[in-house]
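Asker: 1 is the number of the first residue of the sequence shown in the working numbering; add one for each residue after it.
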Amino acid sequence: MDRIKIATVWLGGCAGCHMSFLDLDEFLIDLAGRVDVVYSPIIDVKEYPEGVDLCLIEGAVCNEDNLELLHQIRARTKILVSFGDCAITCNVTSLRNLLGPKNTDQILQRAYVEAADTNPVKPGLEGIVPRLLPKVRPVHDVVPVEHFLPGCPPPAPRIKAFLTNLLDQTPALTGAQLKFG
């Protein structure tokens, strides 16, 4: 039987969900026996692969790079999981939404000039800082999501329970959408 291909992705967030994932400790060894991690910020893979069974997506959709990657993930993945509160509600990352959709330049000015300790320069060269979207959005606002795993971050026992439940339904990963969580 083929092993389940999983991915984890980090969009606009703090990496706390991935840190909680690493807190699975010895369960990671059990997990490694059942899945192939094919894409993640904790492994060195540059291109999101085809044929991914399950992807845990941490963070909100904040910039054009996030948006492009998210569409690629949805096209190449069977089951998407909004992983943590930033992916589900935008959480802290959405605070910039309070400034309104036309203020992305003001946000960069504040972050790179006004709040800088040294070298107060707003990045101006194309490709240095991804263009901000007018509004920070949760993952499910951009693409369909099958499951939500809440928490800031989700605690390791919740992640373990979710993955165990999902992996125990392995035949469903090859066909129909799962209905739980």
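Note that the Cβ used here is the ideal one computed from N, Cα and C, for glycine as well.
Thinking C-alpha only, which one of I159, C86, R76, P49 is nearest V62?
Answerer: The sequence as given places Cys at residue 62; Val does not occur at that position. The shortest C-alpha separation from C62 is found at C86.
Asker: Please tell me whether G59 and L11 are closer than 8 Å, where the distance is taken between their beta carbons.
Answerer: In this structure, G59 sits near L11, with a CB-CB distance shorter than 8 Å.
Asker: Excluding sequence positions up to five away, which residues of its chain have a Cβ less than 7 Å from the Cβ of G151?
Answerer: G84, D85, R158
Asker: Nearest to K102 by alpha carbon, out of P41, L133, C90?
Answerer: Of the candidates P41, L133, C90, the one whose C-alpha sits nearest the C-alpha of K102 is L133.
Asker: G33 by DSSP, collapsed to three states: which one?
Answerer: coil
Asker: Can you check which of these residues, R96, C90, V9, R76, is closest to I42 by C-alpha distance?
Answerer: V9
Asker: Does I29 pass the burial test, meaning 16 or more other C-beta atoms within 10 Å, or should it be called exposed?
Answerer: exposed
Asker: Should A7 go down as buried or exposed, given a rule of 16 or more other Cβ atoms within 10 Å for buried?
Answerer: buried
Asker: N97 to M19, Cα distance in whole Å?
Answerer: 26 Å
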